[in-house]
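If you count the sequence shown from 1, position 190 lands on 190 in UniProt numbering, and the numbers rise without skipping.
Just so it is clear, CB atoms sit at the ideal spot from N, CA and C, and this is done for glycine as well.
Inspection log for the structure reproduced underneath, given as structure tokens.
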Amino acid sequence: MEPEMEDKTLELMNTSVMENEDLSPKKTTVFKISNGTVTGSRKRPSEGNYEKEKDVCIQLFDQWSEADQVEFVEHLISRMCHYQHGHINSYLKPMLQRDFITALPAQGLDHIAENILSFLDARSLCSAELVCKEWQRVISEGMLWKKLIERMVRTDPLWKGLSERHQWEKYLFKNRTTEVPPNSYYHSLYPKIIQDIETIEANWRCGRHNLQRIQCRSENSKGVYCLQYDDDKIISGLRDNSIKIWDKQTLECLKILTGHTGSVLCLQYDERVIVTGSSDSTVRVWDVNSGEVLNTLIHHNEAVLHLRFCNGLMVTCSKDRSIAVWDMASPTDISLRRVLVGHRAAVNVVDFDDKYIVSASGDRTIKVWSTSTCEFVRTLNGHKRGIACLQYRDRLVVSGSSDNTIRLWDIECGACLRVLEGHEELVRCIRFDNKRIVSGAYDGKIKVWDLQAALDPRAPASTLCLRTLVEHSGRVFRLQFDEFQIISNRGAVALTHVHLHLQIAGECLKSQTKGTDRVVTVLRLCVGGEGRVYLHKPHVKRPLWDRDSQSPSVSVRRPLLLGLCEPAPPLVCGKVPAVSDFRDWKNVFIAPPVSCMSEYVAGAC
């Protein structure tokens, strides 16, 4: 634009304004308050000269290029006052807003509009459908409700589990060329999923559950020490030296793996192998499909108490106080990388990730080691007695101890974040996910804790335990859980209830189990400190009494399996029997230690 023309236009406009001001001295300014801002508009009478001059200015303006027009408007705006700027801003705002969701399909860019809306959550997607018909069309044709459900299934295990259980996963992750339901199906499916999730969360809080039992009896009446499950099967390690594979739906035993010469104390499996550790001091690798033994690792001097393997690395720990780190090139090619020594008692449990190996011991400590270098990092102190279990994930370590407490730790700084109290005996097993902690103890109870509340220092201790499940009649040794279920086992015995009925006057004692009377041998049993049991033959046949009830009958509801041969070998009264003394003993149930009773009956069935 030529300077002379611009100056002429500005002069014309200024002259018009001055003339109008002279002709209209009674102009008024009106200020409006809207949404907390003050905008002003100046009213003036309509005059013929203004209209003519405006038309002239517009004609000149239209003759200029876009760049000249912008430059002229900038000059014009710079001459205005503040309230005029506000008025222009209000005028420009709606002009600057673009409905890009509607505009993009018009340019053949439907996929971009769909991609933008696919990032919305459910509430926002509902609102977007109500904007206009074009938005609703984009959401419907883009199958955005289907994409939202697929995103949740990929990222949330609860959604994934529901998709498998209710079998609507077959309608997901399908391209548009295959036959899939319309978008309305997924729109109506979403609230049903939310309702299912709310029901499941309420069941966790209120403790509503269906109980199924697996009768894991063996010929020797031994119990279960460890387990793991998936959607199809449950694999358990037993005290009778075997590994049993169960069908998760029918709860029938599918296969029994034998080879260990001691109790199977720990196991882990993946899609290829089962790895087990035993009291015979060995680690065995089995083919998960055929049950064939692929490898036997002999390193530890005493029982292998726990193991973990992942991504070509395996860590085992033992009663011999050591931790072994193994490289797993293949099931048949496993080599010892390093032995970690530092604990002063049996190492009961290990866990690891790419950064740290974490171990817990009967010496009351948790030790942290570097996974890459196997060097010692730090010790977590706090438990007052030995530690029986832990789980480690991200920065969080959760441990359970024979001091009856659960502790939460920050592994990076070693700080104890929270102490959970509630169990009455040793906390034997513990697992946690993003929402909750589930613990099992020797008191026979399984407790569900709110993890997020436990990590909040402001949360009162009374709100941390969500529910206590009392379904086991004996010690809980292992458990595993997901969003839908808890699978747990109790060790030591296979029978849930055993009742011993005593008769007076020196007659033969009888054991009544499942309605069948069996003759048993009478032994005297004394309970010592820390639950130690002493056995010897009574010198005189006499009735045995429950000193609490003054009754000649004892009902044993929580038996401990010890094993006994008949006739009994000579034992010195008051001497604790060695483990080797019981190795060949069978089928004896002994009541657990109770402080108010000093004599019980044991029967060899």
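Inset, instruction - For the region 394-424, list the alpha helix (DSSP H) runs that are entirely contained and at least 4 residues long, ordered along the chain. - result: none
Inset, instruction - Would you list the residues sitting across from Q136 in a DSSP beta bridge? - result: For Q136, which the question treats as bridged, DSSP gives no partner whatsoever.
Legend entry - For K147, the three-state DSSP class (helix, strand or coil): helix
Legend entry - S188 - containing beta strand (DSSP E), residue span: No beta strand (DSSP E) contains S188, which is instead part of the alpha helix (DSSP H) from N183 to C206.
Legend entry - Whole beta strand (DSSP E) elements within the region 238-267, 3-residue minimum: 243-247 and 253-257
Legend entry - Candidates E164, K93, S290 and W145, of which the one nearest V180 by Cα: W145
Inset, instruction - Give me the Cβ distance between V419 and I486, rounded to the nearest whole Å; I'm assuming they're in contact under 8 Å. - result: At roughly 23 Å, the Cβ-Cβ gap does not stay under 8 Å, so V419 and I486 are not in contact.
Inset, instruction - Compute the minimum distance between the beta carbon of S163 and the heavy atoms of the ligand FAD, and state whether it is under 8 Å. - result: Absence of the ligand FAD is noted for the structure shown, with no ligands found whatsoever.
Legend entry - Beta-carbon proximity check, R385 vs S402, cutoff 9 Å: yes
Legend entry - Whole-number beta carbon distance between Y229 and F477, since they are thought to touch under 8 Å: Their Cβ separation, rounded to whole angstroms, is 15 Å, which puts F477 and Y229 out of contact at 8 Å.
Inset, instruction - Between the Cα of L307 and those of I323, D280 and N295, spot the shortest distance and give me the residue it belongs to. - result: I323
Inset, instruction - In angstroms with no decimal places, state the Cα-to-Cα distance between L479 and C389. - result: 11 Å
Inset, instruction - Report the partner residues of R436 according to the DSSP bridge assignment. - result: D450
Legend entry - Counterpart residues of C465 in DSSP-defined beta bridges: W449
Legend entry - Local Cβ density within 10 Å of I101, reported as buried at 16 or more and exposed below that: buried
Legend entry - Close beta carbons around Y356, own chain, < 8 Å, minus the five adjacent residues each side: V368, W369, S370, T371, V377, Y392 and I411
Inset, instruction - Within its chain, find whatever has a CB closer than 6 Å to the CB of S462; leave out the 5 residues flanking it on each side and keep chain order. - result: none
Legend entry - Residue range of the beta strand (DSSP E) that includes Q107: From DSSP, Q107 is part of no beta strand (DSSP E); its letter is neither H nor E.
Inset, instruction - Assign residue 631 to one of three DSSP states: helix, strand, or coil. - result: The question about residue 631 has no answer here: the residues shown for the chain are numbered 1 through 605.
Inset, instruction - Return the first residue and the last residue of the beta strand (DSSP E) that G161 is part of. - result: From DSSP, G161 is part of no beta strand (DSSP E) but of the alpha helix (DSSP H) over P157 to R165.
Legend entry - Which residues DSSP lists as bridging S278, in chain order: V264
Inset, instruction - Keeping to the same chain, check which residues put their C-beta closer than 8 Å to that of M95; ignore five residues upstream and five downstream. - result: none
Inset, instruction - Can you have a look at F173 and say buried or exposed, based on whether 16 or more other CB atoms are within 10 angstroms of its CB? - result: exposed
Inset, instruction - Could you pull out every unbroken alpha helix (DSSP H) segment of at least 4 residues lying fully inside the region 41-96, listed in chain order? - result: 48-63, 66-78 and 82-96
Legend entry - Whole-angstrom distance between L125 and K445, CA atom to CA atom: 44 Å
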